[in-house]
Amino acid sequence: MLEANQILLLVTLVAPTVGTIAAATLPAEGDRAARILATVAAGVAFVASVLLMLSRSTQVLVDPVPAYPYGIVVSPWVELDLPWVPGLDLRFHIGVDGISYPLVVLTTLLTLLCALYTCWRVPDSGGGPARGRHLAALLLVIELGIVGVFLALDLVLFFVFFEVVLLPMYAVIAIWGGERRRHAARKFVLYTLLGSLLLLVGVFTVVASAGTADLVALSTAAGPAMPYGVQLTAFILLALAFAVKSPLWPLHTWLPDAHTEAPTVGSVILAGVLLKMGTYGLLRVAVGVAPAGAEAVAPVLGVLAVMAIIVGGLVCLAQSDLKRLIAYSSVGHMGFVLLGIATLTSIGFQAALIGNIAHGIITGLLFFLAGAIKDRAHTGTLRELGGLRETAPGLSGLLGYAAIASLGLPGLAGFWGEAFAVVAAFSRGGPFWIVLGVLAAVGAALAAAYFMRMLRQVTHGPPSPAVSSLAPARLVSVELASWAPLVVLALALGLVPALVTELSAVPVEALMGVVGSP
Amino acid sequence: MIDHTALLPAYCAAGTAVLAFLCDLVAPGRRALVVSVTLLGGLITGVACWWGSRGGSRATFCFEPPDVPGASVLAERVCSYQWDGTATLVGILFATATVVVLGLSGSALREVPAGEYCFLLACSMTGGVVLGASGDLITLIIAMETLTLPLYVLVGLRRRSVASAEAAVTFFVVSVVSTSVTLLGAGLLYGATGTVHIRLLASALESRSELRSVPLVSAAVVLVLVGLAFKVAAVPFHAWAPSTYDGAPLPIAAYLSTASKVGGVIALLIVAVGALEPWLDVAGPALAALAVLTMTVGNLAALRQRRMVRLLAWSSVAQAGYILAPLGAFALASGRSPSAVPVIVTAVLAYTVFYVVLELGAFGAVVALRGSADGGTFDDYRGAARRRPWVAAAFVLAMAGLAGLPPGLAGLFAKVTIVRALLDAGAGWLAVVVALNAVIGLAYYVRAAASLFGPPDPSSAARAVWPRVPVAASVVLAAVTVAALVIGLAPQLVLNAVTL
């Protein structure tokens, strides 16, 4: 029999599934009802994921088992392990721990907010009957895939969930996107499929060598140790796979197109949580399973991460489109997350985890705002916007808040991830890492520069023709409802970073045990 | 003593053909009657295949192995016909494919003579059922020809269609040439070893090392494989496939890309793993090259297609490459180890089963959307998603599956199976090639599926009316789609079935 906590775990996956089927099969007359139904399903999943916190009380610091000198790296608060396809080493093994919990909640929250937003506004799908119910259904499938990735404790299952996201996201961009949606959608799906197939090869490289696909067993210090060569191959394959998803410079070129062309809710999910599948996978799977390989490749990762920060910043300085600017800023922010992981220090891992969450909250909010501005002004070009604070002070104020949070002002969520990624680079020591740290800090300054430039162009000055004819100028209550949680969380996480770091402290220490770095 | 129980599936299949023929003779023009008789016969054949597998494997046409000088003495008798697990699987696959294709033939039968159509299809099924059970090269080649011969006529059966006739001639010429090549290879092998029996061939090739220095034997091995590669439409022996598929009636194209291809794969497996196992170091590199070329060329050519059936044809060429890919691992010593060979064979068979179900789903949806018309171009499918949402959903599922992505979980697990087998056998590079190819593949599968969701083409008002989907076709399509969903959620069913 399942325990209550295991049922909660299942509900986070079952609720989106049921919601999808229900919303997709309702007839066109029930379009609005279907969207509300989808929102309810997303709400159930969100509540279930928050309640998973209750199971944490059962897990007080795992005492190091004698066989595992550093403790078990992945010691889930609650887990569920069922056989599925023994012939392919695939078990339905899911669980949640301090590293995955914040990401699961972020996913369910953002999906709920997006579903809510969809109840009010369905982006144009190029004529024809309203298809809001299909959009809502696809959002829920995407949620299923992402939550599944964060919960999976079996490598093959992880891969299966990783793949679930691809086609629904393609459809969201290709059907409800902007003018160049087909191109952007195709680029997205081909790039990320390349990533996930490398993941498939990487996963079975590990499975063939270690003889198990179980993440708990694979990432214990005393687990099936793989030869150095296999670890290196596996890490390179896995890192490439996750680098496409994160994305890491120079594999990032799908991101600006996809984010710019996707409808608002699509961009929010893409930037907010979909990218995190890459960084989470890098930390949990790639580093956790092949630490020796990680050790060898870390300097390369570090250099690429810093390149992403600098290149992202410079490109942003030259951007003329609001959504594209935010998209490129994601490249830079994810660069900080990857730098944190590349240092292979506990500070770096913590910075990466909190940076992940902060980026999800803040960039989600930024894309909501950019979408709202674009829908009202019918243009996203910075030059044609201007004087927003004259006609829409609420919108403009929120945009300012989100931009400042994103550039890493202390006291708001964006600060911790970036500052501590730099600190981690310095703490790693040696001229190489110190140079990387300095460059990353310069990149952070670039972020300040381009966000200030954006704010000056969009909010200040006399209202442009597009801005003066904004309709509606005021914020609608659904917008407020779907943005408020993000605004509050950005502040809360900025003031109390322990919300995330306390949860992940134990698993990160355990992970450090296998990485065994200074 | 002939074991008639072992032969029961073959009797059923042949009996079906005879019955269909007689029906048409006695009651000419009764389309429904002859089709239902053939359908029933196909179902009975399927059941007989399953029933024949109960109580272990049976064999007939056997003899005591002669004392081949220098060869290790075989403990068991050598048989030309053995009804074992593989034969059961192949038989059931053929019976199912025949039934499905017949179910989809409702619209096509208005254009072709029903009696001949059913008779020829049942004949072809007979060849397929015997193929899986064949224990020597002659039975194998004859079964293969019984499977293919009726198809020459079926491809050209559409009346008043030049394309159809052209397709039939191309197919006929290529197929006859490939059979002669295989026969030549088999003849040379007989000349070198004095036997055509698979097991005796294997033991002769293993024990008589002096054969290694005879170039003719290597040539024979390659000739046999090349001849069979024609049947699978593996590159560079694939050029007949696209025009043949496009010219044939839609259900026959479905049969060609599933049942006929399965026949080729099984024949290749029987020859490569059965007879040539000691020589896999010679056959392995050839198979690896064949697999890499087949998937790459198939995928790249498919990218350029604008016609639906041609796209499916090229995609089936590429899929043949994935099916052959695990055999490519034989090029490495690690792939030839006794532990790796069964894993590889299982992967090939499992992929074949997944592929057949998905391909039948794709063709089923095309038939449902197009009726008696030919496959048409992508533009002819625009607006289908609005007017026929369920058929469109089935098509999307099949395309996603062929691309190897959820929601087509069956296809995902098919890819997982072969990548796993390749990495188990130590052929990581081939797994990477498969992965890169799957990315190319997705580009056109997505385009084909997306064409159904485009706005209807305003210039072609004629297409505003979609043909009514015949009841039989919708039942068959629904059944195939449900089957794809079931094996997607429970792939272990397939994995168990192929490790008989």
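Residue numbers (my numbering), protein chains in the order written: chain A, 442 to 959; chain B, -2 to 497.
Built from N, CA and C at the ideal position, the CB exists for glycine as well.
As the structure is a computational prediction, the values presented were derived from the model and not from experiment.
Q.
Could you check whether the Cβ of B:L542 sits closer than 8 angstroms to any Cβ belonging to chain A?
A. Here chain B has residues from -2 to 497 only, and residue 542 of chain B is not among them.
Q) Ordered along the chain, which non-local residues of its own chain (more than five positions away) have a Cβ less than 6 angstroms from that of A:G812? A) Here the set comprises T705.
Q) Any contact of the segment 271 to 286 of chain B with the segment 197 to 211 of chain B, i.e. 3+ C-beta pairs under 8 angstroms? A) Contact between the segment 271 to 286 of chain B and the segment 197 to 211 of chain B is present, because at least three Cβ pairs lie under 8 angstroms.
Q | Which of helix, strand or coil DSSP assigns to A:Q898 | A | A:Q898 sits in a helix when the DSSP states are folded into three classes.
Q. Just how far apart, CA to CA, sit B:A386 and B:G408?
A. Here residue 386 of chain B turns out to be Pro, not Ala, going by the sequence shown. If you take the alpha carbons of B:P386 and B:G408, they lie about 22 angstroms apart.
Q. Using a C-beta cutoff of 8 angstroms, does B:V421 count as contacting chain A?
A. Rather than Val, the amino acid found at residue 421 of chain B in this sequence is Asp. Yes, B:D421 lies at the interface with chain A (some Cβ there is under 8 angstroms from its Cβ).
Q. Under 9 angstroms Cβ-Cβ, which residues of chain A neighbour B:T414?
A. Going along chain A in sequence order, the residues near B:T414 (Cβ under 9 angstroms) are G528, L529.
(Q) Helix, strand or coil, according to DSSP, for B:D371 in the structure here? (A) In this structure, B:D371 counts as coil in the three-state DSSP scheme.
Q) Quick one, are the C-beta atoms of B:D21 and B:G100 less than 8 angstroms apart? A) B:G100 sits away from B:D21, with the two beta carbons spaced by 8 angstroms or more.
Q: Could you tell me whether any Cβ in chain B is nearer than 8 angstroms to the Cβ of A:L502?
A: Caution applies to A:L502, whose pLDDT of 46 falls short of 50 and renders its modelled position unreliable; the model cannot decide the point.
Q: Starting from the Cα of B:W311, find the closest Cα among B:V294, B:A326, B:F327, B:A322 and give me that residue.
A: The residue from B:V294, B:A326, B:F327, B:A322 with its alpha-carbon nearest to that of B:W311 is B:V294.
Q.
Please confirm whether A:A593 has its beta-carbon closer than 8 angstroms to some beta-carbon of chain B.
A. With its beta carbon at least 8 angstroms from every one in chain B, A:A593 lies outside the interface.
Q.
I want to see whether chain B comes within less than 8 angstroms of A:G604, judged by CB atoms only; does it?
A. The sequence shown places Glu at residue 604 of chain A, not Gly. Chain B places a beta carbon closer than 8 angstroms to that of A:E604, counting this residue as a contact.
Q: Over the uninterrupted beta strand (DSSP E) stretch that includes B:A119, give me the two end residues.
A: Element bounds for B:A119: not the beta strand (DSSP E) but the alpha helix (DSSP H), 111 to 128.
(Q) With H, G and I counted as helix, E and B as strand and the rest as coil, what does DSSP make of B:Q79? (A) Strand, per DSSP.
Q: Take B:V363 and list the residues in its own chain whose beta-carbon comes closer than 8 angstroms to its own, dropping the five residues that flank it on each side.
A: Result list for B:V363: L247, M305, V306, L309, G372, F392, in chain order.
**Q.** Three-state secondary structure (DSSP) of B:R55
**A.** It is a strand residue.
Q. What separation, rounded to the nearest whole angstrom, lies between the Cα atoms of A:E702 and B:D81?
A. Note on geometry: alpha-carbon atoms of A:E702 and B:D81 lie some 56 angstroms from one another.
Q. How big is the Cα-Cα spacing for A:E520 and A:V657?
A. In a straight line, the C-alpha of A:E520 is about 11 angstroms away from that of A:V657.
Q. What residue range is occupied by the uninterrupted alpha helix (DSSP H) comprising B:I504?
A. There is no way to answer for residue 504 of chain B, as the model of chain B reaches only from -2 to 497.
Q: Out of A:I845, A:V642, A:R562, A:F809, point me to the one whose CA is closest to B:L433's CA.
A: Measuring from the Cα of B:L433, the nearest candidate turns out to be A:V642.
Q. What do you get for A:Y669, buried or exposed, if any count of 16 or more other CB atoms within 10 angstroms of its CB means buried?
A. Exposed.
Q. Can you list the residues of chain A that B:Q489 reaches, using a CB-CB cut of under 7 angstroms?
A. The answer, in chain order, is V526, P527, G528.
Q) Alpha carbon to alpha carbon, what distance is there between A:L592 and A:V537? A) The straight-line gap from Cα to Cα measures roughly 6 angstroms.
Q) Got a sec, what are the start and stop residues for the alpha helix (DSSP H) A:G528 sits in? A) From DSSP, A:G528 is part of no alpha helix (DSSP H); its letter is neither H nor E.
**Q.** chain A contact for B:F410 (CB, 8 angstroms cutoff)
**A.** Yes - at least one Cβ of chain A is within 8 angstroms of the one on B:F410.
Q: To the nearest angstrom, report how far apart A:I803 and A:L840 are at their CA atoms.
A: Rounded to whole angstroms, A:I803 to A:L840 spans 10 angstroms at the Cα level.
(Q) What are the residues in the segment 37 to 59 of chain B lying within 8 angstroms of chain A by C-beta distance? (A) For the segment 37 to 59 of chain B, the beta-carbon criterion of a distance under 8 angstroms to any beta-carbon of chain A is satisfied by none of its residues.
Q) Whose Cβ in chain A lies nearer than 8 angstroms to the Cβ of B:L518? A) Residue 518 of chain B lies beyond the residue range present for chain B, which begins at -2 and ends at 497; the question has no answer from this structure.
Q: On a CA-only basis, which of B:A326, B:C59, B:L36 is nearest B:M(-2)? Give me that one, please.
A: With distances taken between Cα atoms, B:M(-2) lies closest to B:C59.
Q: Please decide whether B:R417 counts as near chain A, where near means a Cβ-Cβ distance under 8 angstroms.
A: Chain A has a Cβ within less than 8 angstroms of the Cβ of B:R417.
Q.
Based on DSSP bridge pairs, tell me the residues matched to A:D522.
A. In the DSSP output, where bridge partners are listed per residue, A:D522 has A:H534.
Q: Evaluate the contact criterion for the segment 672 to 688 of chain A versus the segment 628 to 644 of chain A: three or more CB pairs, one atom per stretch, below 8 angstroms.
A: Yes: at least three Cβ pairs fall under 8 angstroms.
Q. What three-state label does DSSP hand A:A593 in the structure shown?
A. Strand.
Q) For a contact meaning CB atoms closer than 8 angstroms, what does A:Y416 contact in chain B? A) Given that chain A is displayed from residue 442 to residue 959, the structure contains no residue 416 of chain A and the question cannot be resolved.
Q. Can you find a C-beta in chain B that's less than 8 angstroms from the C-beta of A:T646?
A. Interface annotation, A:T646: in contact with chain B, CB-CB separation under 8 angstroms.
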